[in-house]
Structure formats: C-alpha cells, structure tokens
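**Q** Here's a structure for you.
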Amino acid sequence: MEEYLKGLENGFFDLLKGASLTYQTCSISNMAQPCGFTSSQYSNAIFQKAYLLKYVHAYGLDYKNLYKKLENLSPTLNQGGALNILSIGCGGGIDLAAAKSVFNNANVIYVGVDAIYWDDRVGINEPGASYHNYGIDNIDDSVISSADIVIFPRSITDIAESSLINFAERLIKLNKNSFYILWAHVHSNTSANSQLNDGIDRINAMIKVIENSELLVELAEDSEPNVSENISYRNYNVKEACNNNCYYNNCNFIAVKNINDKGYHHIIKVMKSEQK
C-alpha cells in the first residue's frame with residue numbers, strides 16, 4: 000500500500016504542476032471533500048488522486064474491519080481455495096487490499112466494476128484482480144453467478160434504487176448454496192442529518208426482492224464499524240505545487256485518519272431454503 004500511495008502522491012503533484020489553471024484544494028477546516036471535490040468530478044484525474052490520498056487509509060481500515068467481521072462469521076471463507084469477490088462501485092479498489100489482508104489463506108479473485116474509470120487502482124497488475132468500467136446494470140451474469148461475496152463499498156447511495164432492485168432479481172437466479180452481500184458505511188446522499196436513511200432504504204429494497212424468492216436471508220451483521228486502530232497519515236501541502244495560484248489562502252488538505260462512526264456495516268447471508 001505504501002508503494003501505491005507514493006505513486007498517487009507523485010502523480011498528484013505532477014498533475015498540479017502541469018495544470019494551466021490549478022484545481023484548487025479546500026481549506027484545511029473543510030474535511031468533507033478535498034479540493035472542493037464533488038461526485039460530478041470523479042472522472043477528473045486530479046480530483047481522483049486527491050480523493051484517494053485523503054481517504055485511502057481510513058476507507059482501507061473500514062473495509063478491513065468489515066471483512067474481518069465476515070471472516071469471524073464464516074471462518075471457512077479463509078481456509079484455502081478460491082474466494083470470488085464482486086465489488087460494485089469499486090472506485091480505486093481500496094477494498095481489494097483489505098480483502099487480501101484479511102483472507103490471506105484464500106486465493107482472492109476480485110472483480111471490480113465502476114461506471115467511471117479510475118487512473119489509480121489497487122493491484123491492477125496482480126493476478127486474480129480485474130476492473131471493468133461499467134455500471135451495475137451491465138455486469139455479466141457469469142460474474143454474478145461466481146461471486147461468493149458481493150460488496151458495495153460506500154457506493155449504495157450512488158446507485159439508483161431501480162438498478163439495485165434489478166440486480167437483486169438477477170442475484171436470486173444464482174445457483175449457489177450460499178453467498179454474502181456486504182454494505183460498507185451506509186450513509187445518505189441528501190444530508191448529514193440523515194446519513195443512514197437512504198442507504199438503509201436501498202438495502203431493504205434489495206432484501207425484500209430476495210426474501211420474496213425461494214432464498215432465505217439471514218442478517219449476519221448490523222453494527223457500527225467500531226474502528227479504533229491508530230493509523231499514520233500525511234499532511235499534504237500543495238501551495239508550492241499550485242505556484243501560489245490558489246483561490247484559498249490555505250492550500251493544504253489532511254488525509255483522514257478514521258471513518259465517520261455514524262456509518263454502519265451490514266452483512267447478510269443468502270441461502271437456499273433447505274439450508275436453514
């Protein structure tokens with residue numbers, strides 16, 4: 000991960016120095032997004048790198064925590080053999096590094112899909128990892144049918160509910176004994192005062208589709224992340240790279256050390272009725 004971060008840093012500062020009109024960073028007190036970043040700018044390389052530099056440590060710890068909860072629930076997942084993970088809305092693939100860290104005795108086969116292309120993705124050249132630039136509606140049935148784990152890493156509220164319902168309908172066609180669906184840090188895309196509502200509504204819509212089929216749903220985990228581990232982080236001073244051409248007096252941003260504890264982890268196990 001350190002090598003990945005160093006590449007991010009070098010690429011970020013190179014882009015800043017070469018920009019004709021520098022994309023500006025937010026003031027240090029604005030911890031919501033780096034560089035005034037908004038979701039409409041996910042395809043911008045400078046904003047992508049700033050976003051990853053700011054959040055990669057905290058999100059990585061969050062996903063590691065979530066996968067560890069899953070391993071505790073089902074230790075057999077980490078007892079050798081292939082473990083197929085489908086990550087929807089994968090972004091830079093931060094959850095891949097977390098999965099490999101937790102399931103270190105398994106052969107992790109990771110398929111990450113995202114409607115937006117990200118320049119900097121974890122493990123892009125590693126065996127068993129593949130990334131695809133399309134949305135949830137375009138995932139091939141063969142990819143869905145082979146997934147032992149389907150994870151939505153902070154992406155549930157970025158996907159239309161109709162697409163999630165359609166995906167759930169495809170999931171119930173899987174010919175598997177059981178599989179898991181994970182949602183990390185559920186939040187709202189409307190306001191900080193209702194962080195859980197939108198995500199939970201979407202989760203419940205998916206679960207309802209599955210429960211209306213012949214498959215059973217077991218709520219295996221519904222809890223706060225409970226992350227307390229201290230992690231190192233960097234203070235990114237970009238004023239020199241901006242050539243003192245910033246809109247704000249303060250051109251720094253800080254990498255986030257921890258996740259927002261208002262976000263919840265959700266894990267469900269889906270199985271055939273005869274297994275209950």
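Per numbering that gives the first Met the number 0, residue 0 is the first one in the sequence shown, and the count goes up by one each step.
Just so it is clear, CB atoms sit at the ideal spot from N, CA and C, and this is done for glycine as well.
#1: Taking Cβ positions, are V107 and G127 nearer each other than 8 angstroms?
#2: If distances are taken between C-alpha atoms only, which option among Y116, P74, A97 comes closest to A57?
#3: Quick one: Cα of H264 to Cα of I206, how far?
#4: Quick check for students: name the residue ranges of the beta strand (DSSP E) that lie wholly in the region 112 to 167, counting only runs of 3 or more.
#5: To which residues does DSSP link E1 through a beta bridge?
#6: Whose C-alpha, out of Y62, L51, V269, M0, is nearest the C-alpha of V101?
#7: Would you please state the rounded distance, in angstroms, between the beta carbons of L52 and F12? I believe it to be under 8 angstroms.
#8: At the level of alpha carbons, what is the spacing between E125 and Q47?
#9: On a CA-only basis, which of D94, A49, V216, E1 is nearest S177? Give me that one, please.
#10: Residues in the same chain with beta-carbon distance under 6 angstroms from V149, minus the five sequence neighbours each way, listed in chain order, please.
#11: Exposed or buried, what is D139 when buried is set at 16 or more other beta-carbons lying within 10 Å of its beta-carbon?
#12: Are the CB atoms of I155 and I202 within a distance shorter than 8 angstroms?
**A** This is what the structure gives:
#1: Position 108 of the sequence shown, counting from 1, holds the residue named residue 107. Position 128 of the sequence shown, counting from 1, holds the residue named residue 127. Judged by beta-carbon spacing, G127 lies within the 8 angstroms limit of V107, meaning their Cβ atoms are closer than that value.
#2: Residue 57 sits at position 58 when you count from the first residue of the sequence shown. For A57, the closest C-alpha among the options Y116, P74, A97 is that of A97.
#3: One-based indexing of the sequence shown puts residue 264 at position 265. One-based indexing of the sequence shown puts residue 206 at position 207. In a straight line, the C-alpha of H264 is about 15 angstroms away from that of I206.
#4: Listed in chain order, the complete beta strand (DSSP E) runs (minimum 3 residues) inside the region 112 to 167 are 128 to 131, 148 to 152.
#5: Here the question's residue 1 lines up with position 2 in the sequence shown. Paired residue(s): none; E1 is not in a bridge.
#6: By one-based count along the sequence shown, residue 101 stands at place 102. Nearest in C-alpha terms to V101, of all of Y62, L51, V269, M0, is Y62.
#7: Walking along the sequence shown from the start, residue 52 turns up at place 53. Walking along the sequence shown from the start, residue 12 turns up at place 13. With a contact defined as Cβ atoms closer than 8 angstroms, L52 and F12 miss out at about 10 angstroms.
#8: Sequence index remark: in the sequence shown, residue 125 carries index 126 (1-based). Sequence index remark: in the sequence shown, residue 47 carries index 48 (1-based). If I take the Cα positions, the gap works out to 21 angstroms.
#9: Position 178 of the sequence shown holds residue 177. When only C-alpha atoms are compared, the closest one is V216.
#10: In the sequence shown, counting from the first residue as 1, residue 149 sits at position 150. Sequence-distant partners of V149 (beyond 5 residues in either direction) whose C-beta falls short of 6 angstroms from its own C-beta, in its chain, are L85, I180.
#11: As a working mapping, residue 139 is identified with position 140 in the sequence shown. Result: exposed.
#12: Here the question's residue 202 lines up with position 203 in the sequence shown. Here the question's residue 155 lines up with position 156 in the sequence shown. Yes, they are a contact pair.
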